[in-house]
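J.:
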Amino acid sequence: MLELILGGARSGKSRLAEKLADESGLDVVYIATSEPLDGEMSARVAQHRTRRPAHWALIEEPLALARVLREQAAPGRCLLVDCLTLWLTNLL
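Residue numbers (my numbering): 13 to 104.
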């Protein structure tokens, strides 16, 4: 299954994705694309960390998202990418 969650900035996309991943019953790999370059982004990253279950795997990759997706895709695994907007921004 593949799900794409769209919405405005700070609209709850991450919370919804995290809820769906948690409810999936699969092993979750959280792929973070942000680079906290300022205080506001650092605070947002810290908030996301506190919400995330400790047993989820974490990969921080701001650029090579396709490679990480290929490497991590496996049956019984949920890949949660947060977020595509920041990943695209990193590429510019």
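From the three backbone atoms N, C-alpha and C, an ideal C-beta is built for every residue, glycine too.
If you're wondering where the values come from, they're calculated on a predicted model, not measured in any experiment.
Check whether the Cβ atoms of Pro74 and Glu47 sit closer than 8 Å, and answer yes or no.
T.: Yes. Within cutoff.
J.: Pick from Cys90, Leu104, Ile17, Leu16: whose alpha carbon is nearest that of Gly37?
T.: Comparing Cα-Cα distances from Gly37 to each of Cys90, Leu104, Ile17, Leu16, the minimum goes to Cys90.
J.: Consult DSSP for Asp39 and reduce its assignment to one of helix, strand or coil.
T.: Asp39: strand per DSSP, three-state reduction.
J.: Which of the three DSSP states, helix, strand or coil, is assigned to Ala29?
T.: If DSSP states are grouped into helix, strand and coil, Ala29 belongs with the helices.
J.: DSSP puts Cys95 in a beta bridge; with which residues?
T.: None; Cys95 has no bridge partner.
J.: Among Glu52, Arg79, Glu72, which residue has its Cα nearest to the Cα of Asp94?
T.: It is Glu72.
J.: I need the straight-line Cα distance from Met53 to Thr45, nearest angstrom please.
T.: Each residue's Cα considered, the two are about 12 Å apart.
J.: By a C-beta neighbour count over all protein chains shown, 10 Å radius and 16 as the cutoff for buried, is Ser23 buried or exposed?
T.: Counting Cβ neighbours within 10 Å, Ser23 comes out exposed, since fewer than 16 surround it.
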